[in-house]
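Engineer:
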Amino acid sequence: MQSTLTFQVSSHENPAFINHYHGGEIMSGTSFARKDRFIKEKRHDVYREMQKHAEPAKCPSCGAVFVNGRWQWQGIEKDAVHILCPACKRTADNYPAGEIEFGGIFFLEHRNEIINLVMNTERQEKKLHPLERIMHITHNEATTAVTTTGIHVARRISEAVAKAFKGHLSLRYGDGEQSLTARWMR
Ligand SMILES: [Zn+2]
Numbered sequence: 000m001q002s003t004l005t006f007q008v009s010s011h012e013n014p015a016f017i018n019h020y021h022g023g024e025i026m027s028g029t030s031f032a033r034k035d036r037f038i039k040e041k042r043h044d045v046y047r048e049m050q051k052h053a054e055p056a057k058c059p060s061c062g063a064v065f066v067n068g069r070w071q072w073q074g075i076e077k078d079a080v081h082i083l084c085p086a087c088k089r090t091a092d093n094y095p096a097g098e099i100e101f102g103g104i105f106f107l108e109h110r111n112e113i114i115n116l117v118m119n120t121e122r123q124e125k126k127l128h129p130l131e132r133i134m135h136i137t138h139n140e141a142t143t144a145v146t147t148t149g150i151h152v153a154r155r156i157s158e159a160v161a162k163a164f165k166g167h168l169s170l171r172y173g174d175g176e177q178s179l180t181a182r183w184m185r
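Dropping the structure here:
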């Protein structure tokens, strides 16, 4: 009955995991099998090259401003050229850097509370780091998937939930640490 909610641990998987969390504590463990459906070669280059352009620039979608070599929420906007920031570009391409899947009986019973924490954590993160945002939150019958524009916000969200609600968290980096797949179960 739990088969759809438990991890599929496979010895055939390359154990490219970083950490396993059990009850909020970091442990070593085996990677869970999962198709890296959004991890593709060369993807990161597309979004990194976005950083090499004239300043100042302003993203017409979110309003972030590129000055002094980084995207910020405030800055010189005069004479700014309009360039889609990497976060909005990823969103437009539906090409997430991070994905977190939440599941389990406890999760389903506390979904609203947990997703509130997810969204609050994102709000704090993107205040300082404009390119670290939630892309989509997709609720399914047994799980909720959260995709993000950066790996740092995905990690922060995952750790915030594991710290607050314990459970079991797996994090796995891919694509030269340009992508992060996380799964939290309780
Ligand atoms: Zn933008």
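Using numbering that gives the first Met the number 0, you'd call the opening residue of the sequence shown number 0 and step up by one each time.
Ideal Cβ positions, reconstructed from N, Cα and C, are used throughout, including at glycine.
(1) Just to check my reading of the structure: Met134 and Arg89 have Cβ atoms closer than 8 angstroms, yes? What is that Cβ distance to the nearest angstrom?
(2) Residue range of the beta strand (DSSP E) that Gln123 falls in?
(3) Does the pairing of the segment 116-132 with the segment 158-169 give three or more beta-carbon distances under 8 angstroms?
(4) Can you list, in chain order, the residues of its chain whose CB lies under 7 angstroms from that of Ile113, leaving out five sequence neighbours each side?
(5) Rounding to the nearest angstrom, what Cα-Cα distance links Gly175 and Ala79 in this structure?
(6) Select from His151, Pro85, Val145, Leu127 the residue whose C-alpha is nearest the C-alpha of Ile183.
(7) Mind reading off the beta-carbon distance from Gly149 to Leu130? Whole number of angstroms is fine, and I expect it under 8 angstroms.
(8) Going by beta carbon distance, what residues of the same chain come within less than 8 angstroms of Gln1, once the five residues before and after it are set aside?
(9) Check whether the Cβ atoms of Gly97 and Thr147 sit closer than 7 angstroms, and answer yes or no.
Structural biologist: Quick look at the numbers:
(1) Along the sequence shown, one-based indexing puts residue 134 at 135. Along the sequence shown, one-based indexing puts residue 89 at 90. Indeed they touch by this definition, with Cβ atoms about 7 angstroms apart.
(2) To locate residue 123, count along the sequence shown from 1; it is residue 124. Segment 110-127 is the alpha helix (DSSP H) holding Gln123; no beta strand (DSSP E) there.
(3) yes
(4) As a working mapping, residue 113 is identified with position 114 in the sequence shown. Here the set comprises Phe101, Phe106, Val160, Phe164.
(5) Counted from its first residue, the sequence shown places residue 175 at position 176. Counted from its first residue, the sequence shown places residue 79 at position 80. Taking the straight line joining both Cα atoms gives about 33 angstroms.
(6) For the purposes of this step, residue 183 is identified with residue 184 of the sequence shown, where counting begins at 1. In the sequence as presented, Ile is not what sits at residue 183; that position holds Trp. The candidate whose alpha carbon is nearest that of Trp183 is Val145.
(7) The sequence position of residue 149 within the sequence shown is 150, counting from 1. The sequence position of residue 130 within the sequence shown is 131, counting from 1. Sure, about 5 angstroms apart at Cβ, within 8 angstroms.
(8) Here residue 1 corresponds to residue number 2 of the sequence shown, with the count starting at 1. Low confidence applies here, because Gln1 scores a pLDDT of 34, under 50, leaving its location unreliable; read the following figure in that light. Contacts found: none.
(9) Residue 97 sits at position 98 when you count from the first residue of the sequence shown. Residue 147 sits at position 148 when you count from the first residue of the sequence shown. In contact: Gly97 and Thr147 (Cβ atoms closer than 7 angstroms).
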